[in-house]
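Here the structure comes first, spelled out in structure tokens, and everything after it is commentary.
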Amino acid sequence: HYLNARADDVHAVGRQICLVLLGQDDVSLENIPEGAILIAADIGAWDLARAPLKRIGGVVCGHGGATSHIAIIARSHGIPAVLGLGDQVNALRTARDVALDGNAGHVIIDPDEATRADFAGRVEAAAKERAGLTIFKTVTPKLADGRIIEVAANIGSLEEIEAAQEAGAMGIGLFRTELLFMRHMHLPSEDMQAETYAALAKAFAPYPVIVRTLDIGGDKPIAGIEFPDEENPFLGWRGIRMCLDRPDIFKRQLRALLRAAVHGNIKVMLPMVSDISEVRQTRVLVDECTAELKAEGVPHASFDLGVMIETPAAVLIAPALAKEVAFFSIGTNDLTQYIMAADRLNPTVAKLNDVTNPAVISAIEMTAKAGVAAGIMVGMCGEAAGRPDLIATFVKMGLTELSMSPASIQRAKKAIMAMAAEG
Ligand code: PEP
Ligand code: MG
């Protein structure tokens, strides 16, 4: 335990020695100046998550797209970002100032006076729009037929609780647990996880807090778990696949969740499900953990188990899955890349990676139909859930929960209320 606790320090010293030997300067985001725009060919999503985000004025990246984790982290902290510039990012090497429009995806190098004035005006207009939306913070969006649509938050750390509450989140629809595992050079203990999940449950009770079990792999590797070299990591050993192969890691998380469930309304969902056996095997492990905790006399409570719908396989077996789980949460970021066979990080195929493509909309509709027919809750936690232009479509399909970055919540509530007013 003593050495574990110092692993980060040892790693940092090792890195410093390597840099000195290589004659290179350390690149650290620690001392990034206030308002600076971060420009890189690529940035590790979790390096960004650890950076002093309050000081970062914007992010520009050669790699990635609108649903890559860098974009998700930037969005949830209200940081303008433009991703997927490809080699064009090199043109920014000599820039002194950069004007950044994250909505349109525009990056302007050393803007002239007229552009500066235009951007300043738009920043002001956006601030006004945000101020006008605050009246929706306490609104509980209800449809004409009385159905409540839960507008929840996607977060990845306890530090984001305040932003979610400030925005008026009706619970957490997606707690990404990866950051817990990536913050340290060693895997988080059961106690540490139980404390984290309990703090979340308490913060939002009686609203639900949906914790997603570890979704490592693909673009989210982690120190402390040996990953094989894979030609196609997005089609490889990630999410529930890895967890079921590593019951030592998975059971620690499940036990922590059972313990935290005593403190509020914890629900648990599995990422990357593509076969019904993954749900059944998880239930066996949950039962094992419950029996262990009971035998040890440790307080615990049961939780609802749901699945993310992120793979075409899950869509196609949705009617069968719906009989085995308490809810669906549609992960449109992955579902889009897998339905369209278009990597969500690859700017060259960004056009295809489009949630509004009829193929993806049809997959969402099939999922909703299966969930509604089985009488289970169908929600969405991919980035599309926060798009005001799509919310009416999803709600009409039967979705009753939409989870998004805190910054999108009030606008989403407004869109639902407008829809309800139309009848
Ligand atoms: C998704 O795939 O839509 C999702 C919410 O999960 P993540 O973005 O973390 O892969
Ligand atoms: Mg996903």
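Numbering (the numbering used here), first residue to last: 3 to 425. Beta carbons are placed, not taken as given, at the ideal position from N, Cα and C, and that holds for glycine. From a predicted model like this one, the values you see are computed outputs, not experimental measurements.
Under a criterion of Cβ closer than 6 Å to any non-hydrogen atom of the ligand MG, which residues qualify, in chain order? The set of residues with a C-beta under 6 Å from any non-hydrogen atom of the ligand MG comprises 273, 312, 333, 335 and 336, given in chain order.
Whole runs of the beta strand (DSSP E) within the segment 305-383, excluding any shorter than 3 residues: 306-311, 329-332 and 379-382
What's the gap between the Cα of residue 233 and the Cα of residue 239? Rounded to the nearest angstrom, the two C-alpha atoms are 11 Å apart.
Could you give the residue range of the beta strand (DSSP E) that holds residue 271? 267-272
In terms of alpha-carbon separation, which member of 318, 281 and 43 lies closest to residue 328? 281
Any heavy atom of the ligand PEP inside 7 Å of the beta-carbon of residue 384? yes
Using the three-state DSSP reduction, which class does residue 406 fall into: helix, strand or coil? strand
Can you name the start and end residues of the beta strand (DSSP E) that residue 52 belongs to? Here residue 52 belongs to no beta strand (DSSP E); instead the alpha helix (DSSP H) covers 47-52.
In chain order, what residues of the same chain lie with their CB nearer than 7 Å to the CB of residue 43, ignoring the 5 residues before and after it? 64, 65 and 91
Could you check what DSSP says for residue 29 in three-state terms: helix, strand or coil? coil
Taking buried to mean at least 16 other C-beta atoms within 10 Å of its own C-beta, is residue 349 buried or exposed? Taking every protein chain shown into account, the CB of residue 349 has 16 or more other CB atoms within 10 angstroms, so this residue is buried.
Any heavy atom of the ligand PEP closer than 7 Å to the beta-carbon of residue 2? Only positions 3 to 425 of the chain appear in this structure, which leaves residue 2 out of reach.
Regarding residue 242 and the ligand PEP, is the C-beta to nearest heavy atom distance less than 7 Å? no
Exposed unless 16 or more other CB atoms sit within 10 angstroms - verdict on residue 136: exposed
Determine the direct distance from the alpha carbon of residue 243 to that of residue 427, and round the result to whole angstroms. Nothing can be reported for residue 427, as the shown portion of the chain is limited to 3 through 425.
For the segment 371-389 against the segment 328-337, do three or more pairs of beta-carbon atoms, one drawn from each stretch, fall closer than 8 Å, so that the two count as touching? yes
With distance defined between alpha-carbon atoms, name the residue in 271, 355, 340 and 372 nearest to residue 319. Closest by alpha carbon: 372.
Please find out if some non-hydrogen atom of the ligand PEP comes closer than 7 Å to the beta-carbon of residue 217. yes
Could you tell me whether any Cβ in chain B is nearer than 8 Å to the Cβ of residue 260? Looking for chain B here will not work: only one protein chain is present.
One or two residues paired with residue 58 in a DSSP bridge: 38
I'd like to check one pair, residue 412 with residue 138: are the Cβ atoms closer than 8 Å? yes
With a threshold of 8 Å on Cβ separation, who are the neighbours of residue 269 within its own chain once the five nearest residues in sequence on each side are excluded? 210, 211, 212, 213, 305, 306, 307, 308, 328 and 329
Taking 8 Å as the cut-off, decide whether the C-beta atoms of residue 70 and residue 346 are in contact. yes
Hey, residue 175 and residue 381: beta-carbon distance below 8 Å or not? yes
Just to confirm before moving on: does the CB-CB distance between residue 189 and residue 48 stay below 8 Å? no
Using a threshold of 8 Å, state whether the C-beta atoms of residue 145 and residue 183 are closer than that. no
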